[in-house]
Amino acid sequence: MIVNDILTGFIAIIIGYLLGSIPAAYIATRLAKGKDIRLLGGGNVGGLNVFREVGPWPALAAGIVDFGKGAAAVAIAYWLLAVPPLFVLLAGLASVIGHNWMVFLKFSGGKGMGATFGALAVLLPVYGYWQGLLILVGIILIPLIITRNVALSMSIGLLSLPFITWLGMKSG
57 MIVNDILTGF
67 IAIIIGYLLG
77 SIPAAYIATR
87 LAKGKDIRLL
97 GGGNVGGLNV
107 FREVGPWPAL
117 AAGIVDFGKG
127 AAAVAIAYWL
137 LAVPPLFVLL
147 AGLASVIGHN
157 WMVFLKFSGG
167 KGMGATFGAL
177 AVLLPVYGYW
187 QGLLILVGII
197 LIPLIITRNV
207 ALSMSIGLLS
217 LPFITWLGMK
227 SG
């Protein structure tokens, strides 16, 4: 049974990495402008660079797919493969790593924000910490509304994760 859990866990990690490697920003930019997003702006293969260099609609599409990659990796690991919690977490992490170093783009990629928040959007409620998801959304939205700076608000959200996790551990 343990060997089966480990093998299935590694499959979940590989699926997470491959999902994360789907180059949504690259595809959205190619479809919208016929250009390579890696050659535009900061060269980042992420939704914010697409927003700045291509426009809001391709960026929205890329952002939704990026978010979905992290969410799907966790959901597949948890519900479809039913792997132990450590492997569910690692599948989500693998999707972020896949987004940052996409195998399909010779290991270039984005910053992992969309995939991170997608994975967290499934992880936090699945493990009984709905409040953490609401806290995280609030922590991101408040600076976003005040500053209108997406990178700053997402960074604040990421930096708050250890505290949010600690709160969840204290309440559980």
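Okay, so the sequence shown: first residue is 57 according to the working numbering, each after it adds one. C-beta atoms are modelled at their ideal positions from N, C-alpha and C, and glycine is treated no differently.
In this chain, Asp-92 is not harboured by any alpha helix (DSSP H), its DSSP state being neither H nor E. Put simply, the segment 100-116 does not touch the segment 176-192. Fewer than three CB pairs are less than 8 Å apart.
In this structure, Ala-129 lies near Leu-75, with their beta-carbon atoms less than 7 Å apart.
Ranked by Cα distance from Ala-80, the options Leu-63, Ala-147, Leu-96, Val-106 are led by Val-106. Each of Phe-173, Leu-136, Leu-137 was checked against the Cα of Val-152, and the nearest Cα belongs to Phe-173. The straight-line gap separating the alpha-carbon atoms of Ala-147 and Glu-109 is approximately 31 Å.
In this structure, DSSP gives Ser-164 an extended state, which the three-state scheme calls strand.
Rounded to whole angstroms, the Cβ separation of Leu-137 and Ile-67 is 7 Å, and the two are in contact under 8 Å.
The residue from Gly-194, Ala-207, Thr-64, Leu-197 with its alpha-carbon nearest to that of Gly-166 is Ala-207.
Residue environment: Leu-192 is assigned as buried (16 or more neighbouring CB atoms within 10 Å of its CB, all protein chains considered). The continuous alpha helix (DSSP H) containing Tyr-73 extends over residues 58-76. Rounded to the nearest whole angstrom, the CA to CA distance from Gly-213 to Phe-219 is 10 Å.
Your pair Ile-71 and Ile-132 checks out as a contact, with CB atoms roughly 6 Å apart and the cut at 8 Å.
Met-158 is bridged by DSSP to Ser-164. Counting the other CB atoms within 10 Å of its CB gives Pro-112 a total below 16, which places it among the exposed residues.
Note on Gly-194: under 16 other CB atoms within 10 angstroms of its CB, so exposed under the neighbour-count rule.
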